[in-house]
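Chains as they are written, first to last, in my numbering: chain Y, 1 to 248; chain L, 249 to 357.
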């Protein structure tokens with residue numbers, strides 16, 4: 001079922017350490033109850049694609065929230081803000097997890113929510129979504145779209161990213177859906193293999209789909225990496241997965 | 249970020265942003281997903297001032313080939329500039345030595 005009517009607004013929520021951060025929310029019209037999706041944005045920031053995708057989830061019957069992980073670096077064009085964050089060495093993983101916890105908490109307090117929450121992210125957001133599902137146990141399903149640096153070399157670890165998410169796989173608290181392109185380099189097919197091996201080793205529930213003829217950013221219709229056939233199939237996989245795990 | 253190819257260099261100078269010129273603090277060079285160039289990945293260079301709001305930024309996204317050509321052009325220009333600066337320093341030193349010698353001769357006379 002789809003919902004053409006929806007309400008959207010920009011709100012403030014409590015992020016990590018109680019910091020107020022902005023969030024974009026979209027709710028389908030009607031009494032619900034609706035499942036919830038928390039969108040963890042990608043490296044290009046709190047971008048138009050993420051705002052649109054928040055509405056897409058509402059269109060398909062989810063209360064959706066996308067919080068601004070780059071709030072602390074200032075306001076402006078998302079590209080400029082993302083560049084500032086890059087110059088600062090990125091955002092700390094712990095802060096992203098804290099901010100996302102704020103979005104999950106907001107979701108669980110909504111009237112008309114069915115009590116189920118999925119976390120969704122692409123690119124760095126896919127990595128962060130997986131990290132969140134490993135470090136917290138308050139989400140019911142996780143979607144990681146081509147998240148790079150889930151597998152990390154020791155030299156890549158630093159104060160802001162102290163742990164390779166793959167090393168936390170034993171703590172994964174919900175089913176995971178992963179969508180990857182076999183021509184990607186971050187994550188490379190070998191890194192996806194290592195991630196999958198860790199999931200198998202720890203007996204986790206997961207579904208991985210790995211597309212030929214596609215690299216990174218398969219769903220980004222405004223970029224050359226868009227692959228229409230794989231994107232349409234991938235979106236079907238996302239909605240089937242959330243449909244299975246977030247229904248009540 | 250999905251890759252870890254990021255180099256941050258301190259930068260002193262000025263850059264032209266959205267509206268005005270601003271003082272630079274850093275140049276950030278990365279190889280990552282392009283946002284505007286119709287490329288999957290690009291060498292991106294952001295000239296920024298970390299003490300100012302995010303709009304204080306001058307940015308480019310280049311193909312690898314363009315980045316290599318830019319790198320070579322920079323290297324050539326820097327080498328020529330260093331030669332010229334070296335020649336200039338030498339000429340200044342020689343002129344100062346000549347003037348000092350002249351002054352000594354006048355004093356002796």
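Just so you know, even glycine gets a beta-carbon here, dropped at the ideal spot from N, CA and C. Just so it is clear, the structure is predicted and the values come from calculations on it, not from any experiment.
| Check | Outcome |
| --- | --- |
| Where the alpha helix (DSSP H) containing residue 11 of chain Y begins and where it ends | Segment 6-14 is the beta strand (DSSP E) holding residue 11 of chain Y; no alpha helix (DSSP H) there. |
| Cβ-based contacts, 9 angstroms cut-off: residues of the stretch 81-112 of chain Y near chain L | 81, 82, 83, 84, 85, 86, 87, 88, 89 and 90 |
| Outcome for residue 212 of chain Y when other beta-carbon atoms lying within 10 angstroms are tallied against a minimum of 16 | exposed |
| Rounded straight-line distance, which links the Cα of residue 136 of chain Y to that of residue 116 of chain Y | 14 angstroms |
| Assigned secondary structure, residue 145 of chain Y (DSSP; H/G/I helix, E/B strand, else coil) | strand |
| Proximal residues of chain Y, C-beta to C-beta of residue 301 of chain L below 7 angstroms | 74 and 76 |
| Bridge-paired residues (DSSP) for residue 309 of chain L | L/292 |
| The stretch 217-230 of chain Y: positions lying closer than 8 angstroms to chain L by Cβ | 217, 223, 224 and 225 |
| Length of the line joining the Cα atoms of residue 66 of chain Y and residue 238 of chain Y | 17 angstroms |
| Residues bridged to residue 270 of chain L (per DSSP) | L/263 |
| Host alpha helix (DSSP H) of residue 105 of chain Y (start-end) | 93-108 |
| Candidates L/351, L/263, L/275 and L/269: closest to residue 89 of chain Y by CA position | L/275 |
| Span separating the alpha-carbon of residue 188 of chain Y from that of residue 144 of chain Y | 14 angstroms |
| For residue 347 of chain L, the three-state DSSP class (helix, strand or coil) | helix |
| Proximity below 8 angstroms, CB of residue 217 of chain Y to CB of residue 210 of chain Y | no |
| Interface residues of chain Y facing residue 278 of chain L [CB-CB closer than 9 angstroms] | 86 |
| The stretch 174-187 of chain Y contacting the stretch 152-163 of chain Y, beta-carbon criterion three pairs below 8 angstroms | no |
| Any C-beta of chain L under 8 angstroms from that of residue 149 of chain Y | yes |
| Contacts of residue 308 of chain L in chain Y (Cβ-Cβ under 8 angstroms) | In chain order: nothing, as chain Y lies at least about 11 angstroms away. |
| CA nearest to the CA of residue 311 of chain L, picked from L/253, L/302 and L/290 | L/290 |
| Beta-carbon gap between residue 175 of chain Y and residue 129 of chain Y smaller than 8 angstroms | no |
| Proximity winner among Y/246, Y/207, Y/96 and Y/27, relative to residue 58 of chain Y (alpha-carbon distances) | Y/27 |
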